[in-house]
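Take a look at the structure set out below.
In our numbering, the protein residues as written are 6 to 235.
Written out as structure tokens, the structure reads:
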């Protein structure tokens with residue numbers, strides 16, 4: 006699912022349900038990060054790191070611990086950047102060489118309506134208007150959850166480039182189906198996040214917007230944003 010949203014230079018590895026990855030041993034330093042975690046959190050933490058190590062191996066990098074830095078962001082091996090996500094019965098990791106992409110962010114969510122009160126806390130007025138139109142034309146997709154996921158992916162792509170927090174109000178996200186596909190039957194499409202705060206400098210160029218993709222498959226939805234080099 007995630008692989009379909011990303012350029013060919015990105016290696017993505019995903020796991021569905023309990024495929025055994027959750028029982029893979031943790032590496033040195035990782036155990037301390039979840040010493041007090043509940044069993045469900047431990048399984049997700051372990052499974053997504055197993056995905057990340059498989060992605061490292063596909064890129065020819067020796068599998069190693071994935072520790073965390075500021076604000077919990079994963080610390081990748083030198084020369085790589087990437088993103089991880091996990092939710093109920095699904096996890097994925099995506100890695101790429103820093104020579105191929107400046108940054109990327111992925112997120113997966115259950116394809117369910119957002120809990121009451123969440124949408125109002127994350128959506129801008131313009132986003133709410135667009136969501137209303139999308140929901141009227143394509144009620145089979147939970148567009149509110151899709152927007153929430155896109156906000157998460159934007160932040161994951163943003164933080165490695167800036168080292169700064171990005172509030173939900175810091176990006177205006179436009180969700181569209183693929184060209185030529187009516188909203189009524191759309192199950193995948195494009196994302197554009199207009200940054201409403203000064204964007205990151207990438208190769209000396211100020212980036213004002215991120216481009217991304219979305220998909221809905223089965224009981225999950227996923228989003229991604231990639232930031233190319235100028």
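The beta carbon of each residue, even a glycine, is placed where N, CA and C say it ideally should be. In this text, all values refer to a predicted model and were calculated from it rather than measured experimentally.
Per DSSP, the bridge partner or partners of residue 115: According to DSSP, residue 115 bridges with 225.
Express the C-alpha separation of residue 189 and residue 145 in angstroms, rounding to a whole number. 8 Å
Do the CB positions of residue 116 and residue 226 come within less than 8 Å of each other? yes
Which first and last residues belong to the alpha helix (DSSP H) in which residue 37 is found? Boundaries for residue 37: no alpha helix (DSSP H) harbours it, and the DSSP string shows neither H nor E there.
Which of the three DSSP states is assigned to residue 140 in this structure? In the three-state reduction of the DSSP assignment, residue 140 falls in the helix class, which pools H, G and I.
May I ask you to list the residues that DSSP assigns as paired with residue 91? 96
In terms of alpha-carbon separation, which member of 16, 59, 152 and 98 lies closest to residue 195? 152
Please say whether residue 106 and residue 233 have beta carbons closer to each other than 8 Å? Between residue 233 and residue 106, the C-beta spacing is below 8 Å.
Can you give me the start and stop residues for the beta strand (DSSP E) that residue 71 sits inside? Counting along the chain, residue 71 sits inside no beta strand (DSSP E), nor does DSSP assign it H or E at all.
Opposite residue 134 in the DSSP bridges: which residues? Note: residue 134 sits in no beta bridge, so no partner.
Anyone know if the C-beta pair for residue 21 and residue 52 falls short of 8 Å? no
Suppose you measure from the CA of residue 164 to the CA of residue 215; what does that come to, to the nearest Å? 13 Å
DSSP puts residue 170 in a beta bridge; with which residues? DSSP lists no partner for residue 170.
The segment 122-133 in contact with the segment 171-184 per 3-pair CB rule at 8 Å: yes
Of the residues 86, 193 and 15, the one placed nearest residue 143, counting alpha carbons only: 193
Considering only DSSP beta bridges, list what residue 3 is partnered with. No statement about residue 3 is possible, as the shown extent of the chain runs from 6 to 235 and does not include it.
Please report how far the alpha carbon of residue 170 lies from the alpha carbon of residue 160, in whole angstroms. 8 Å
What three-state label does DSSP hand residue 149 in the structure shown? Judged by DSSP in its simplified three-state form, residue 149 adopts helix.
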